[in-house]
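Throughout the sequence shown, residue numbering follows my numbering, covering 1 to 171 in sequence.
Even glycine gets a Cβ: it sits at the ideal position worked out from N, Cα and C.
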Amino acid sequence: MNLQDFNTKVYPLKDKIFRFAKRMLDQTEEAEDLVQEVFIRMWKIREKLDEYRSLEALAMVTTKNLCLDKLKARKFPVESFNDQRQFIERIAEEPRSDHSDLITGVKEAMNSLPEQSRLIVHLRDIEGYEFGEISEILGMQENAIRVALSRARQRIREILVNSRNHEYQRN
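What follows is the structure, encoded as structure tokens:
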């Protein structure tokens, strides 16, 4: 693969890689550095890239593994980051006022999910990945992903309904 092919096939993945890295690392600068590391690694194996079924899945798996390495290097268990993650970057920081309560509720509901569930919801509902692609990225069975996604969505609904009921009871 030459530079032009690399720029055409791999470089367009930079935004997805960045969002995924930022989601896992919760630090913009570290996520930006990690994107560069992913591109360096993919460039080093550019001659073998045609052997992969999905360059996007390869890039996302590489991103996930590098993020996990960074988290381990911080000498904190990965599970301790559950409460520190930010909600999905694609939701505007200053939402329209008519949706701000809903967006805040969704953020809170997402933050209450286990990290793996949040990643599955992010990859499926925000990034639009298919179950097979998520399976490759997270190293899980497709059925386990479907179950986890269903449970995560149900939990988000429950939290939103309970929050809304609680708000009506106060008023």
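* To do: Whole angstroms is fine: what's the gap from residue 62's alpha carbon to residue 165's?
  => 43 Å
* Determine the burial state of residue 34: buried for a count of at least 16 other Cβ atoms within 10 Å of its Cβ, exposed for fewer. => buried
* **Three-state secondary structure (DSSP) of residue 132** => helix
* **Close Cβ partners of residue 152 (< 6 Å) along its chain, the five nearest in sequence each way excluded** => 113, 117 and 121
* Can you tell which of 26, 46, 119 and 69 has its C-alpha closest to the C-alpha of residue 5? -> 46
* **C-beta atoms of residue 126 and residue 135 nearer than 7 Å** => Result no, Cβ atoms of residue 126 and residue 135 do not sit closer than 7 Å.
* Helix, strand or coil for residue 106 per DSSP? -> helix
* To do: Taking residue 59 and residue 38 to be in contact with their CB atoms under 8 Å, please state how far apart those CB atoms are, rounded to whole angstroms.
  => 6 Å
* **Among 41, 17 and 42, nearest to residue 30 - alpha-carbon criterion** => 17
* Coarse secondary structure for residue 138, derived from DSSP in three states -> Residue 138 falls in the helix class under three-state DSSP.
* To do: Run the CB neighbour count on residue 157, radius 10 Å, all protein chains shown included, and call it buried at 16 or more, exposed below.
  => exposed
* Asked: What separation, rounded to the nearest whole angstrom, lies between the Cα atoms of residue 103 and residue 133?
  -> 27 Å
* What number of angstroms, rounded off, separates the C-alpha of residue 32 from the C-alpha of residue 24? -> 12 Å
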